[in-house]
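**Q** Take this structure first; my questions come after.
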Amino acid sequence: MSYKLRQQAFVVSTVVIFVLLIILMVANLLPKDIKRNNQVDYNNIPTFFFHGGGSNYHAEDQMVSAAQKDGVTSTVIIAFVSKTGKVRLSGNIPENAKNPIIKVNYADNRELNYNKHGYYATNVVKKVTSIYHFKKMNMVGHSVGNISIIYYMLQNEHKRNMPILQKSVNIAGHFAGLKFNHIPKSIQEPANLSLNKDGKPNKMNESFQQMARIRTDYPAKQLAILNIIGDIGNKADGTVSNNSSLSLKYIIGNRAKTYRVQKIVGKNARHSILHENKRVDQILIDFLWYK
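Heads up, the sequence shown is in UniProt numbering, so the first residue is 1 and it goes up one at a time.
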């Protein structure tokens, strides 16, 4: 190889190495979605997973499987809820189980009466508590599964015989309403919805007004909240507007111990698959189970 060619090769190699170093430096400077610590917080606190509308417990499979693969837990049971609210458990939680998970399955998976969602969730917690006697719990909801969480909170906020909800993960929640024409006006998103800096909507439907009681009535500083929203490029996840999801901030007010928003963007942030997003899995696991 001639001197000139060797010199050109050296220059090209130097440029490539320089570019790679710049990429690595920038990557390290970028904000991280996940602050992954090294230690799992192993305890006996169960986590309930609530699926979305028209769905079932299989919608929770990926998130739960991710937790199992991460070593967070090896105990998963299913709570089947009939249309009348009767609960049947499939599986057992051993006495020494760590971070057990309960996947919830509603037979009435298209119910539009939000109070019923709270009733179903309450019955699930009562059933599991009657057998395993835990004092604290976590909840995860996707889409209308968030309604189960919020209405459970409304219906049990001052009941000392019920376990304390210490963490909730709210994924793609439609708290301020849905943009569907065929649903009751009480749960529709008002036209031209906007939020102020506190998450307060400029218009509130009936169900939102009910949920907003939490900001004054719910016990303060005991619940940590992670609000995960999707944005496919139009300030919505394809089904729910970001404003509807972000209105949770107003509902919870100053009652939360902590409140954090995580936005997922891109095609995999779509409403129907947000619960199957691997980034969501990691963020959820870190929030719920890592110290």
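No residue lacks a Cβ here, since even glycine has one placed at the ideal position from N, Cα and C.
Helix, strand or coil for Tyr259 per DSSP?
**A** Tyr259 falls in the strand class under three-state DSSP.
**Q** With a threshold of 16 other CB atoms inside 10 Å of the CB of Thr258, please say whether the residue is buried or exposed.
**A** So Thr258 ends up on the exposed side.
**Q** So is Asn277 buried or exposed if we call it buried at 16+ other beta carbons inside 10 Å?
**A** With 16 or more other Cβ atoms within 10 Å, it is buried.
**Q** Could you name the residues that DSSP lists as bridge partners for Asp231?
**A** DSSP lists Val265 as partners of Asp231.
**Q** Pull up the distance between the alpha-carbon of Ala212 and that of His142, whole angstroms please.
**A** Their Cα atoms are separated by approximately 19 Å.
**Q** Grouping DSSP H, G and I as helix and E and B as strand, with all else coil, what is Ser168?
**A** Three-state DSSP puts Ser168 in a strand.
**Q** Are the CB atoms of Tyr119 and Gly173 nearer to each other than 8 Å?
**A** The answer is no: Cβ separation not under 8 Å.
**Q** Quick check on Gly145: does DSSP put it in helix, strand or coil?
**A** In the structure shown, Gly145 sits in a helix (DSSP, three-state: H, G or I).
**Q** In its own chain, which residues sit with a C-beta less than 6 Å from the C-beta of Lys249, not counting the 5 before and 5 after it?
**A** Only Gly199 meet the Cβ criterion.
**Q** Have a look at the DSSP bridge pairing and note the partners of Pro201.
**A** DSSP output for Pro201 lists Leu195 as bridge partner(s).
**Q** Can you check which of these residues, Lys235, Asp281, Ser168 and Ile101, is closest to Ser74 by C-alpha distance?
**A** Of the listed residues, the one whose Cα sits closest to Ser74 is Ile101.
**Q** Can you tell me where the beta strand (DSSP E) with Leu89 in it begins and where it stops?
**A** Its beta strand (DSSP E) spans residues Val87 to Ser90.
**Q** Could you give the distance in angstroms between the alpha-carbon of Asn115 and the alpha-carbon of Gly177?
**A** If you take the alpha carbons of Asn115 and Gly177, they lie about 15 Å apart.
**Q** If we ignore side chains and look at the alpha-carbon of each, how far apart do Leu288 and Asn138 end up?
**A** Rounded to the nearest angstrom, the two C-alpha atoms are 8 Å apart.
**Q** Over what stretch of residues does the beta strand (DSSP E) that includes Asn105 continue unbroken?
**A** Asn105 -> beta strand (DSSP E) spans Ile101 to Tyr106.
**Q** Can you tell me whether Lys32 is helix, strand or coil according to DSSP?
**A** Confidence in Lys32 is poor, its pLDDT being 48 and thus under 50, which makes the residue's placement too unreliable to answer from.
**Q** Tyr151 to His117, Cα distance in whole Å?
**A** Computed Cα separation, rounded: 7 Å.
**Q** Leaving aside the five residues before and after Gly52 along the sequence, list all residues of the same chain whose C-beta is less than 7 Å from its C-beta, in chain order.
**A** Result list for Gly52: Ala59, His142, Ser143, Val144 and Gly145, in chain order.
**Q** Excluding five sequence neighbours on each side, which residues of the same chain lie with their C-beta closer than 8 Å to the C-beta of Leu29?
**A** Its pLDDT being 38, under 50, Leu29 is placed unreliably in this model, and the value from its coordinates should be taken loosely. So the list is empty, once near-sequence residues are dropped.
**Q** Taking buried to mean at least 16 other C-beta atoms within 10 Å of its own C-beta, is Gly230 buried or exposed?
**A** Under this definition Gly230 is a buried residue.
**Q** Hey, would you say Tyr106 sits closer than 8 Å to Met153, going by beta carbons?
**A** Cβ distance not < 8 Å, so Tyr106 and Met153 don't count as in contact.
**Q** Going by other Cβ atoms of all chains shown within 10 Å of its Cβ, with 16 needed for buried, is Val265 buried or exposed?
**A** Val265 should be labelled exposed.
**Q** Using CA coordinates, which residue listed in Asn44, Lys69 and Asn56 is at the minimum distance from Val104?
**A** For Val104, the nearest C-alpha among the options comes from Asn56.
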